[in-house]
Amino acid sequence: MTENTRPIGWVRAARKALAAFPPVVQDRINSALTIAAEGSKADIAKPLTGLGPRVMQVAVRYRTDTYRAVYTTEFKEELWVLHAFKKKSKKGVRTPRLEVELLRARLGHLRLELRK
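Dropping the structure here:
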């Protein structure tokens, strides 16, 4: 951990969901989050389109499943993990609509809470 590493904040449901992932998936996602907290971008992280330039997703393939974690670097003090889920979409790589709606709601709530 470097001197400029931001703390990682968690939406409680995201932490709980990540804890249910296979250990190897948890390790890869946590490594990517640490890299982001240090100010860089992991190779397995990419922008999540439609939610703003500072919302990123980490995708990890494990066996026949894909696990994702979504975080934002929008807040200077902390990196926030908004959501973690096992992808179930039947439409290729597209993020399921319900997951995107949940992310929008969590991001909006977080913006309100952190501006108080």
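Under the working numbering, the first residue of the sequence shown carries the number 5, and numbering increases by one thereafter. We treat Cβ as the ideally placed atom computed from N, Cα and C, and that holds for glycine.
{"Check": "Below 8 Å on the Cβ atoms is my contact criterion, and I expect A18 with V85 to pass it. Report the Cβ-Cβ distance as a whole number of Å.", "Outcome": "5 Å"}
{"Check": "Just how far apart, CA to CA, sit L102 and I48?", "Outcome": "23 Å"}
{"Check": "Measuring CA to CA, which of F79, G56 and V104 is closest to I12?", "Outcome": "F79"}
{"Check": "Within the present structure, is the beta-carbon of V29 separated from the nearest heavy atom of the ligand GTP by less than 7 Å?", "Outcome": "The model on display carries no ligand, and the ligand GTP is accordingly not part of it."}
{"Check": "Between the C-alpha atoms of L55 and R108, what's the straight-line distance to the nearest angstrom?", "Outcome": "7 Å"}
{"Check": "Taking only three categories from DSSP, how would you classify L116?", "Outcome": "helix"}
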